[in-house]
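Here is the structure we will look at.
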Amino acid sequence: MSLQSVKDFFAVHAPDISVIETEASSATVALAAEAHGVDPDQIAKTICLRAGDEVLLLVASGMSRLDNRKFRDRFGAKPRMLEADEVVARTSHPVGGVCPFGVAEPLQIYCDESLRRFELVVPAGGATNAAVKISPQKMAELTSAIWVDVCQPPKAPEA
1 MSLQSVKDFF
11 AVHAPDISVI
21 ETEASSATVA
31 LAAEAHGVDP
41 DQIAKTICLR
51 AGDEVLLLVA
61 SGMSRLDNRK
71 FRDRFGAKPR
81 MLEADEVVAR
91 TSHPVGGVCP
101 FGVAEPLQIY
111 CDESLRRFEL
121 VVPAGGATNA
131 AVKISPQKMA
141 ELTSAIWVDV
151 CQPPKAPEA
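According to this note's numbering, the stretch in the sequence shown is residues 1 to 159, in order.
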């Protein structure tokens, strides 16, 4: 159902975007980057979080880490990750395939600023072997996402 809900979402809202299904799993950032031939930071990971009474989806670049202080300053609460069964119940997507498209219930979606530096990002597509290639701006537009800055800045590569 989850993969189909994502396909249905794109059929209605952006028929020019195809859901890519791979033989290999793309359930982690590293696996997804390998399966789609992109830098791990171009993987747009989607995290289902609770902030106080609000459940939300946060999409961030693959290697970004949530900054608890920035998150608390923005949302007024400490971030809490949902258990896998609640993630599936609220989104219809399995962990490793969670994305901001075709979700089961209306959730506010936030895109972290870490995504803006890429022309294309690769979020999951509702299954652990599905994804889409999309610009961060188009993703935010299609999902009515709000841009936030709640991740730590990327670390400089070691010399």
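The C-beta atom is built at its ideal place from N, Cα and C for all residues, glycine as well.
Span of the beta strand (DSSP E), counted from its first residue to its last, around residue i
i, result
"V6", "Note, V6: premise wrong, no beta strand (DSSP E); alpha helix (DSSP H) at S2 to H13."
"A33", "First-last for A33: V29 to H36, but that is the alpha helix (DSSP H), not the beta strand (DSSP E)."
"T46", "I43 to A51"
"I146", "I146 to V148"
Straight-line Cα distance separating residue j from residue i
i, j, result
"D149", "E113", "5 Å"
"R65", "A89", "25 Å"
"G125", "G52", "28 Å"
"V29", "D8", "25 Å"
"L120", "D39", "11 Å"
"P15", "V122", "17 Å"
"T128", "P100", "14 Å"
"I20", "I146", "25 Å"
"P106", "R74", "20 Å"
Own chain partners of residue i with C-beta closer than 7 Å, once the 5 adjacent residues on each side are dropped
i, result
"S5", "S92, G102 and G126"
"A77", "A51 and G52"
"I17", "F10, V132 and I134"
### Task
Please specify which runs of the alpha helix (DSSP H), each continuous and at least 4 residues long, are wholly inside the region 58-137, giving them in chain order.
68-75 and 84-91
### Query
At a cut of 8 Å, does the region 73-92 reach the region 33-42 through at least three beta carbon pairs?
no
### Message
I want to know whether the region 12-25 touches the region 58-77 - three or more CB-CB distances under 8 Å.
### Response
no
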